[in-house]
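*Asks:* Heads up, this note's numbering is the position in the sequence shown plus 796, with the first residue counted as 1.
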Amino acid sequence: MRSTACAHCGLPRGRHPVARRFCCYGCLLAFQVTRARGERGAAAAIFVRLGLALFFAMNVMMLSLPTYAPVVYGAASGDGPLFVVLRVLALVFAAPVLLLLGGPILATAWQGLRAGAPNADGLIILGTLAAYALSVANTVRGRSAVYFDTAAMLLVLVTLGRWLEARARAEAGALVRATLAPAPARALRLRGATREPVRPGALVPGDVVEVAPGAAFPTDGEVLAGTGGVDESALTGESRPVTKVPGAAVAGGTCSVDAVFRVRVTAPVRESAAARIAGLVAAAHGERSPAERLADAVARRMTPAVVAIALVAGGWWGWHAGAERGVLVALSVLVVACPCALGIATPVAVWTGLATAARRGVIVRAAPLLERAAAVEYVLFDKTGTLTDARPRLHAVEPVPGVTEDDVLAHAAALEAGLGHPLARAITLAAEGRGLAVAAASEVRVAAGAGVRGVVAGERAAVGTARLAAAETGLALEEGGAGGGMRVAVTAGERLLGTLAFAETARPDAQPALAACRRLGLRVGLVSGDVRADAVVPALVPAADAALGLLPADKVAHVRAARARATVAMVGDGINDAPALAAADLGIAVASATDLARLSADVVIVGDDLARVPWLFAHARRVARVVRQNLLWAFAYNVGAVALAAAGRLDPLVASAAMLGSSLLVVANARRLRPLPE
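1) Indicate whether Ala1297 and Arg1315 have their beta-carbon atoms separated by less than 9 Å.
2) Whose CA, out of Gly1254, Ala1357, Arg1058, Ile842, lies closest to the CA of Ala1379?
3) Which word fits Thr1301, buried or exposed, when buried means at least 16 other C-beta atoms lie within 10 angstroms of its C-beta?
4) Can you check the region 1341 to 1412 for any beta strand (DSSP E) of at least 3 residues that lies completely inside it and give the ranges in chain order?
5) List the endpoints of the continuous alpha helix (DSSP H) containing Thr1269.
6) Taking all protein chains shown into account, decide if Trp1147 is buried (16 or more other Cβ within 10 angstroms of its Cβ) or exposed.
7) What span of residues does the alpha helix (DSSP H) with Ala892 cover, start to end?
8) Check whether the region 1010 to 1027 and the region 1038 to 1058 are in contact - that is, three or more C-beta pairs closer than 8 Å.
9) How long is the line joining the alpha carbons of Gly1281 and Gly1254, rounded to whole angstroms?
10) If distances are taken between C-alpha atoms only, which option among Ala853, Ala1442, Val1065, Ala1360 comes closest to Tyr1174?
11) Considering just the uninterrupted stretch of the alpha helix (DSSP H) at Leu1166, what are its terminal residues?
12) Quick one: what does DSSP say Leu1293 is sitting in, helix, strand or coil?
13) Provide the residue(s) that pair with Ala1243 in DSSP beta bridges, ordered along the chain.
14) Compute the distance between the beta-carbons of Val888 and Ile920, then report whether it is under 9 Å.
15) Between Ala927 and the rest of its own chain, which residues show a CB-CB distance below 6 Å, the 5 nearest in sequence each way excluded?
16) For the alpha helix (DSSP H) that contains Gly908, what are its first and last residues?
17) Tell me whether the beta-carbon of Val1400 lies closer than 9 Å to the beta-carbon of Ile1384.
18) Leaving aside the five residues before and after Lys1179 along the sequence, list all residues of the same chain whose C-beta is less than 6 Å from its C-beta, in chain order.
19) Under 9 Å, do Ala849 and Val893 count as touching if we go by C-beta distance?
20) Looking only at C-alpha atoms, which of Ala1237, Gly898, Pro900, Leu1176 sits nearest to Asp1369?
21) Count the other C-beta atoms from every protein chain shown that fall within 10 angstroms of the C-beta of Phe1413, then say buried if there are 16 or more, exposed otherwise.
22) Between which two residues does the beta strand (DSSP E) holding Gly1254 run?
23) Which residues does DSSP list as the beta-bridge partners of Thr1184?
24) Assign Val1447 to one of three DSSP states: helix, strand, or coil.
25) Please classify Tyr1174: does DSSP put it in a helix, a strand, or coil?
26) Mind reading off the beta-carbon distance from His1207 to Val1252? Whole number of angstroms is fine, and I expect it under 8 Å.
27) Which one or two residues does DSSP pair with Leu1336 in a beta bridge?
28) DSSP beta-bridge partners for Pro1100?
29) Considering only DSSP beta bridges, list what Cys1051 is partnered with.
30) Taking the alpha-carbon positions, what's the Ala840 to Ala853 distance?
31) Mind checking who Lys1040 pairs with in its DSSP beta bridge?
32) How is Ala1278 classed by DSSP in three states: helix, strand or coil?
33) Can you find the residues in the same chain that come closer than 6 Å, C-beta to C-beta, to Lys1351, ignoring five residues on each side of it along the sequence?
34) Apply the 10 Å Cβ neighbour rule to Ser1238 and answer buried if 16 or more other Cβ atoms are within range, or exposed otherwise.
35) Check each candidate in Leu1020, Ala1055, Gly1247 and name the one with the smallest Cα separation from Asp1027.
36) Using a 10 Å radius around the Cβ and a threshold of 16 neighbouring Cβ atoms, would you call Trp1115 buried or exposed?
Below is the structure:
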């Protein structure tokens, strides 16, 4: 039965609960302050201060309203005893507003001054204190011109803008947290015949846990028993369950759909795929993009310029229309020029863009990289394992006369056992399928882009390109493929045993992904170690756009040559293509979540969906477009508003409302980058 008690105090919630969980707004605020942490906690703290200050500010407004009666109705004077009392009460009620809302602003303004970098908070606190000090002086002197309501509401409106900014940051963080399914509160560890509930953080590699249908895997592991579907949408964005069998890897935070799994833990929670992704996104949020640094620099330089404009405009109006008019004009300039919109125009858009990408399974390692992705003109794709099936099939074993197919395959399997290359897995699976007895190889060495060497049954052996085979045997062989090619030679001693031919097919999502890139106006190219263009290549790209027969060093040279003409992104599997990924302007690795620790690319596509590559470019362009719109509006607003305020056309309260409206506009524009509900 559903609980009807308040989530904070435990009392009945009544017929109209607050936010469906609390009996009153007091409990809601208390829960937010005591339970919320991080970005949500910062937003909640601002909200609580704002709520308390708003109580006093509304009283100031109520007390100030009658003092406007002589001005509105044309009465002779507002200096009667009642008006004096109202002004004194307004002074008293405005003081807590200055403490609650002005205190934090003053602290950050002082920090900026001490660091030699005056910030926008200095403008706000200077204007507010000027209005309050003038009002106190006039109250003491018995004069009717007081602006306690202006000072109080100015701080309220400014803090409301700060709360909107903090809430936008918290929402961006919430998008990231929504990307990562939380680990269960308890894991079921197996010790012999007993099941022991433990915290996921207490699990260590080697522990065995049991996961029931509908439950989440507490951390990364390897399936020991159980076959069924696993929902990996929390990490990869893929909505369809993935079938897992014994020996398969599972990631923490993913959920069993329909099977009971026994899993051996391979990594503690803090080193799981989900934890690594969270760390990558947090690091990306902490790094400033070039557009953000530009906005920060402009905001810093605006402060002394605005102070000078306020002094000049205030002095001019004070000379021609009296001191009070001059103070109000200067106050309007200081308030309306606060670059709040400028300060949040870029960060809010970038935070939201990074978080939306993370929720889609696209992890961008740093904020500047999102901006770089928007500028990409040329995309290079690795072929084998990226555009083609990562698991090629051994199509034929072709022994030389006097050698059996099993001998050729057994020698190859001995060298390739334990290696992670797609061809190595295909050879190993084929040997297992034939039930061959495979000898243990020693002194195994991988020759990058060529193949593998070692000792099998006391004899030197090799599997790889014709060049490698020629170096091993001294025979002149026809070149049939390079590392990762469709045909490899197998040698033993100085003899050629035979060749292995592999069948390769394009991934179903390869052609649509390449077509989507072209629709975005991107040039698409292919790089491969294969010397010959098999049937897969022309089906993907024209011959002029395919570079074949490239060793890893050749791929790096090809990428660097392309960079001389355009901004280049390289897409690969993140393992064999690491040098080329690092050489590109933007390296994009398509890999599974459990391979995340081995990836060094700028962008990681968590999962195995090539459609996310063109989506990334389109999304980065949308983010860049929103950033430009926000910056253009913020610059235009600040220039126009300062001009109006200096001309005496803006009241301080109207100026603060305009500043709030500007901040609301850029936040609302950035919210368009949020993912649509599914």
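Ideal placement from N, C-alpha and C gives every residue a C-beta, glycine not left out.
*Replies:* According to the structure data:
1) Contact: no.
2) The shortest Cα separation from Ala1379 among Gly1254, Ala1357, Arg1058, Ile842 belongs to Ala1357.
3) It is exposed - the Cβ of Thr1301 has fewer than 16 other Cβ atoms within 10 Å.
4) Correct list: 1364 to 1368, 1382 to 1387, 1399 to 1402.
5) Its alpha helix (DSSP H) spans residues 1262 to 1269.
6) With at least 16 other beta carbons inside 10 angstroms of its own, Trp1147 counts as buried.
7) A small fix is needed here, since residue 892 is Pro in this sequence, not Ala. It spans 877 to 893 - the alpha helix (DSSP H) in which Pro892 sits, taken as one unbroken run.
8) Yes, the region 1010 to 1027 touches the region 1038 to 1058.
9) A caution first: Gly1281 carries a pLDDT of 49, below 50, which makes its placement in the model unreliable, though a value can still be read off. Put simply, the backbone Cα of Gly1281 is about 28 Å away from that of Gly1254.
10) Ranking Ala853, Ala1442, Val1065, Ala1360 by Cα distance to Tyr1174 puts Ala1360 first.
11) Start and end: 1163 to 1170.
12) Looking at Leu1293 - three-state DSSP - the assignment turns out to be strand.
13) Ala1243 is bridged to Gly1247.
14) Between Val888 and Ile920, the C-beta spacing is not below 9 Å.
15) A distance below 6 Å between beta-carbons, with the five flanking residues on each side excluded, links Ala927 to the following residues of its chain, in chain order: Tyr943, Thr946, Ala947, Leu1127.
16) Residues 899 to 910.
17) Yes, the pair counts as a contact, with Cβ atoms nearer than the cut-off.
18) Only Leu1322, Ser1324 meet the Cβ criterion.
19) In this structure, Val893 lies closer than 9 Å to Ala849 by Cβ.
20) Selected option, being the one with the closest Cα: Leu1176.
21) Phe1413 is buried by the Cβ-count criterion.
22) Note, Gly1254: premise wrong, no beta strand (DSSP E); not H, not E.
23) DSSP lists Ala1302 as partners of Thr1184.
24) For clarity, residue 1447 is Asp in the given sequence; the question names Val instead. Reduced to three states, the DSSP call for Asp1447 is coil.
25) Of the three classes helix, strand and coil, the one that applies to Tyr1174 here is strand, per DSSP.
26) Rounded to the nearest angstrom, the Cβ distance from His1207 to Val1252 is 6 Å, consistent with a contact under 8 Å.
27) In DSSP, Leu1336 forms no bridge with anything.
28) Looking at the DSSP output, Pro1100 bridges to nothing.
29) The partner list for Cys1051 (beta bridge, DSSP) reads Ala1012, Asp1027.
30) In a straight line, the C-alpha of Ala840 is about 19 Å away from that of Ala853.
31) Under DSSP, Lys1040 shares a beta bridge with Gly1024.
32) Low local confidence applies: a pLDDT of 38 at Ala1278 is under 50, so the model's placement there is unreliable, and no value is given.
33) So the list reads Val1323, Ala1376, once near-sequence residues are dropped.
34) By the Cβ-count criterion, Ser1238 is exposed, with fewer than 16 other Cβ atoms from all chains shown falling within 10 Å of its own Cβ.
35) Among Leu1020, Ala1055, Gly1247, the Cα nearest to that of Asp1027 is on Ala1055.
36) Counting C-beta atoms within 10 angstroms of its own C-beta, Trp1115 has fewer than 16 neighbours from the protein chains shown and is therefore classed as exposed.
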